[in-house]
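For the sequence shown, the working numbering gives the first residue as 56, with consecutive numbering after it.
Glycine is no exception: its CB is placed at the ideal position from the N, C-alpha and C atoms.
Accompanying notes for the structure given below.
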Amino acid sequence: MAEFTAKDVMKLREQTGAGMMDCKKALVDADGDMDKAADLLRERGIAKAAKRASKIAAEGIVYALVEGKTGVLVEVNCESDFVAKGDKFHALVEEVAKQIAKVKPATVEELLASKMGGKTVDTFVQEQTAVIGEKISVRRFALYESKGFVETYIHMGGTMGVMLDFDGKENADTKELAHNVALHTAFSKPSYKTAAEVSAETLEKEKAIMKQEVINEGKPEAIAEKIVLGKIKKFYEENCLMDQKFVKDDKVTIAQLIAETAKKTPVELKNFCFFVMGQGLEKKSEDLQEEVNKQVEAMKK
Numbered sequence: 056m057a058e059f060t061a062k063d064v065m066k067l068r069e070q071t072g073a074g075m076m077d078c079k080k081a082l083v084d085a086d087g088d089m090d091k092a093a094d095l096l097r098e099r100g101i102a103k104a105a106k107r108a109s110k111i112a113a114e115g116i117v118y119a120l121v122e123g124k125t126g127v128l129v130e131v132n133c134e135s136d137f138v139a140k141g142d143k144f145h146a147l148v149e150e151v152a153k154q155i156a157k158v159k160p161a162t163v164e165e166l167l168a169s170k171m172g173g174k175t176v177d178t179f180v181q182e183q184t185a186v187i188g189e190k191i192s193v194r195r196f197a198l199y200e201s202k203g204f205v206e207t208y209i210h211m212g213g214t215m216g217v218m219l220d221f222d223g224k225e226n227a228d229t230k231e232l233a234h235n236v237a238l239h240t241a242f243s244k245p246s247y248k249t250a251a252e253v254s255a256e257t258l259e260k261e262k263a264i265m266k267q268e269v270i271n272e273g274k275p276e277a278i279a280e281k282i283v284l285g286k287i288k289k290f291y292e293e294n295c296l297m298d299q300k301f302v303k304d305d306k307v308t309i310a311q312l313i314a315e316t317a318k319k320t321p322v323e324l325k326n327f328c329f330f331v332m333g334q335g336l337e338k339k340s341e342d343l344q345e346e347v348n349k350q351v352e353a354m355k356k
């Protein structure tokens, strides 16, 4: 039997869009012949999924799941907004989120390779690609195992999702605080939790940009240095969650808001994350007729 490597499996997967385990089995059956393996994949009914491989999955949803003290935030992409709103796609995303909570993978690759109901998640997603008729891609996820409680917020049916990890007891006061911080995070989209998380490299880069900006405005270099110090303070206020002014009351920062609740019930924000659906992905434009045809076909299934 001809030998093949993991790179060969990945290459076949890229060419066909089929799942990793399907590609591996096809290469075994084809005695390592890439072309024959590709033909076998088509013969085995994975052709529909394979045809979607070159498509751009830039729609989809961000979904949140909380089970006890475990929280999951996941983004799964498809090709059209029509499919993203469908029950089949939502059911798939829910199953993926439950799998993340169950097996606690470290990466998307680990998630796709994990077993779910006798098959890998990768195979499950590929099969659903064939059923739904669009390329489906698990893009990213975050997993929190909290010592306190997890709060999530999903905006506009999945266009954005926020997840927060709090230390402390969950009660009416802390839940209200968590909800307010989640809403604020969705609105303000902070890059860091605190100023301490801003790397020295990032800070120096920001200072250099700010200084040049001030000099370009005609200020002497000596004065520019002082102005930059003030701008850095504003940078923290705009980009660090704890330093941001609360969106519902700009007289208090998020740190002060949390501290006020902590006077009644000890509570501390440990981590936060948020996903904006499709952020950074290229979207493929399609003409109206193609989109209409796609919707009509989907309704027949």
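| Item | Value |
| --- | --- |
| Secondary structure of Asp-220, DSSP reduced to three states | strand |
| Own chain residues within Cβ distance below 7 Å of Ile-309, not counting five before or after | Val-236, His-239, Leu-296, Met-297, Gln-299 and Phe-301 |
| Where Ile-116 falls: helix, strand or coil (DSSP) | strand |
| Nearest-angstrom beta carbon gap, Arg-194 and Val-283 [assumed within contact, 8 Å] | Not confirmed; about 37 Å, so no contact. |
| DSSP three-state assignment for Glu-189, whether helix, strand or coil | coil |
| Buried versus exposed, by CB contacts within 10 Å (16 or more), Ala-277 | exposed |
| Presumed contact (8 Å Cβ cut-off) between Gly-87 and Glu-58, rounded CB distance | 6 Å |
| Whole-angstrom C-beta distance between Gly-216 and Phe-290, which should lie under 8 Å | Not confirmed; about 26 Å, so no contact. |
| Alpha-carbon spacing of Thr-220 relative to Asn-226, whole angstroms | According to the sequence provided, residue 220 is Asp. The question's Thr does not apply to it. Their backbone Cα atoms lie some 15 Å apart in a straight line. |
| Buried or exposed (CB count within 10 angstroms, at least 16 for buried), Asp-90 | exposed |
| Asn-294, buried or exposed, once every other Cβ within 10 Å from all chains shown has been counted against 16 | buried |
| Inter-residue Cα distance where the pair is Ile-155 and Lys-66 | 26 Å |
| Cβ pair count under 8 Å reaching 3, the segment 176-188 against the segment 139-152 | yes |
| Distance between Arg-97 and Leu-324 (C-alpha atoms, nearest Å) | 50 Å |
| Residues that DSSP places opposite Met-332 in a beta bridge | Its beta-bridge partners do not exist; DSSP assigns none. |
| Cβ-Cβ separation, Glu-200 to Thr-316 (assumed contact under 8 Å), whole Å | At roughly 23 Å, the Cβ-Cβ gap does not stay under 8 Å, so Thr-316 and Glu-200 are not in contact. |
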